[in-house]
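Start counting the sequence shown at 22; every next residue gets the next number (the numbering used here).
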Amino acid sequence: MIILYHQNNAVTQVWNDILQEDVPVRLASIADTLFEVAHAFPESLLFWCHESQRNYFNKDSDSIAAIFHHKKIMAFYNPAKENYFPDTIGYVDESLFANPNKNEKFSTWFASAAIGGIASEVLLRLEKEIVQDKDFDYFLHSLAKLWMPHGLLCYSEPRLLLHSNTDYKTPKATTKTVFKFVRQHYKFRWLFLLRLNYVLYQKSGHSRAFFQSLFYSKRKTDGKPLDTLVVQSSRKIINKATVDVVIPTIGREQYLHTFLSDLAVQTQLPRKVIIVEQNSAEGSQSNLDFLKNTSWPFAISHTFTRQAGACNARNIALAQIESEWVFFADDDIRIGEDFLETAFSQITKYGNEANTLSCLQLNEKTVFDTVFQWKTFGSGCSIVKAETVKGLQFDLRFEFGFGEDSDFGMQLRNKGYDVLYFPFPQILHLKAPIGGFRTKPELAWKNEKLQPKPSPTVMLYRLLHQSKTQLQGYKTVSFFKFYKHQPIRNPFRYYKNFKAKWAVSLLWANKIKNS
């Protein structure tokens, strides 16, 4: 373990913690020194630590091994309340990665120079791909932002410190730096949206910073340097490898039977399949006779309810989980016979508790071909360790709306569990028609003269999990997106209508939130 101590954007000491001796280095920027040390110790873990955090650094070998359990991990932590970038970065980045929860391990590109670590092998693979900025905070943020989509798992990790403290003062990025970062790491249009949002919500266009940023070039990478890096987690998160399958269903008997047949021929069989059948029609009864009339190689727990809604159905199923793992599945999917076996092989490889798998329709092309940190959660295509969902439920406030998947994923993340996306094994989504007896639910706002836009449940998710500036940025983008999908062509009339619909959505979202 090699530790690079620094202060005032300069290296103060490079320390070999194993041999308990100094490492001689030439005078250079912190980023340059990091690469110099990586060349000298290509098999080591490299750490950076601000002098203010020297006495708080958690060097316990078990803790370090638990955090860096495979090579594709970059972890850091900022003990201060303030981040390097101001909240205005939310104007261009609505993702959860730009609004981390500092109380738990959390996936984010909001890196920190306070303390952090990365494998030398990763740095050496990326050396020709990244700019070694003099500003160390900028360098770390750029590294994380560029490489997260290509499989570098980046975390805010409080376990790097023995305990929280207020000794570290976070350097603050200037508005000029914000514009520069957006120019170098986002599509060109976001630069103009950033300026527009500054005008709308800060009453300042920051013209000089905007025009200066135009002269920077976008930083790009194809991700190939990390493709061949072998990942093998040292964590043992699979003990029994037993799995329960959760399937809410409504009016799709044939599709469900087909999926159960796929489960029945798995090379690694599920222990139990939990089926929650819904039919809200008065006097209705179960249509799933084949559950009893057919011999299945796994236990089946069948619940019939007249209360419609996928959130409620999945919550009923959550209470019945007994296995070590749970496969959240839709009733209209197909899987190969080695699906579960291959999935658990991937889970073992990455040592991660919550995993969403590729779920594509017939002839739909694969978009992502690498494992990376997922921005949402798939309630019909995920395999999760059962202990992670203990105490969690699908929020009924999202019932019959949008956002329950993403909200459940945020509940997992706020407990310290990351959600990874696995491109393989794949799930085929048949996209079956909705059940023939399903009636369209009556939404609470259906009698509003002016219908809310966006949907109040979409707004609810953003109120619960996004910052104020992220919501403002979403509002600006929505203004332009919605324009082509409505009949009002006069921009001034449209703006008035948009504001009114937004207000109705916000009103109902707050009503739902407080219900």
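Where is the CB? At the ideal position from N, CA and C, for every residue including glycine.
Unbroken beta strand (DSSP E) runs of no fewer than 3 residues, entirely contained in the stretch 383-435, are found at 402-406, following chain order. Checking the DSSP bridge columns, you'll see GLY137 partnered with TRP69 and PHE97. Within the DSSP secondary-structure output, SER177 pairs in a beta bridge with PHE97 and PHE127.
Between the stretch 263-281 and the stretch 175-182, the count of Cβ pairs shorter than 8 Å is below three; the stretches do not touch. Assignment of ALA194 by DSSP, reduced to helix, strand and coil, places it in the coil class. For the pair PHE157 and ILE151, the CB atoms are not nearer than the 9 Å cut-off. Pairing THR288 with ASP353, the inter-Cα distance amounts to about 21 Å.
ALA96 and VAL252 have their alpha carbons spaced roughly 16 Å apart. Of all alpha-carbon atoms in LEU441, PHE236, GLU358 and PHE421, the one lying nearest the alpha-carbon of THR377 is that of LEU441. In this model, TYR371 and ASN218 are separated by some 39 Å (Cα to Cα). If the five residues before and after LYS126 are omitted, its C-beta is found closer than 6 Å to the C-beta atoms of TYR176, GLU178 and GLY437, all from its own chain and listed in chain order.
Inter-residue distance for HIS450 and ARG292 is about 23 Å (C-alpha atoms, whole angstroms).
Just measuring C-alpha positions, the residue of LEU48, GLY494 and THR391 sitting nearest PHE443 is THR391.
If you compare the alpha carbons of LYS396, TYR189, GLU345 and LYS467 with that of ASN120, the shortest gap goes to LYS396. A straight line joining the alpha-carbon of TYR207 with that of LYS239 spans about 8 Å. For a cut-off of 8 Å, the C-beta gap from PHE202 to PHE231 is around 13 Å, too long to register as a contact.
For GLN275, the enclosing alpha helix (DSSP H) stretches over residues 274-285.
In this structure PHE311 does not touch LEU290 by the C-beta definition: roughly 18 Å separates them, more than the 8 Å allowed. In the three-state DSSP reduction, TYR26 falls in the strand class (E or B). With respect to the 9 Å criterion, GLU362 and LYS406 are not classified as neighbours on the basis of their beta carbons. For THR363, the enclosing alpha helix (DSSP H) has its first and last residue at 360-371. Annotated three-state conformation of LEU182 is strand, per DSSP.
Where SER322 is concerned, the enclosing beta strand (DSSP E) starts and stops at 320-326. DSSP lists TRP36 as the bridge partner or partners of ASP43. GLU57 sits in a helix when the DSSP states are folded into three classes. With fewer than 16 other CB atoms across the displayed protein chains lying within 10 angstroms of its CB, VAL286 is exposed. In the structure shown, ALA350 falls within a strand segment according to DSSP collapsed to helix, strand and coil. Ranked by Cα distance from ASN30, the first of LEU383, ALA49, GLN447 and TYR237 is ALA49. In this structure, VAL294 sits away from THR326, with a CB-CB distance that is not shorter than 9 Å. The alpha-carbon of ILE39 is positioned some 11 Å away from that of SER82. Residue environment: ARG273 is assigned as buried (16 or more neighbouring CB atoms within 10 Å of its CB, all protein chains considered). Looking at the backbone, the Cα of SER228 and that of VAL267 are separated by about 54 Å. Pairing LYS257 with THR369, the inter-Cα distance amounts to about 7 Å. If you compare the alpha carbons of ILE23, GLU408 and MET169 with that of GLY137, the shortest gap goes to ILE23. Taking the Cα positions, GLN394 is about 11 Å away from TRP168. At least 9 Å separates the beta-carbon of GLN341 from that of LYS452.
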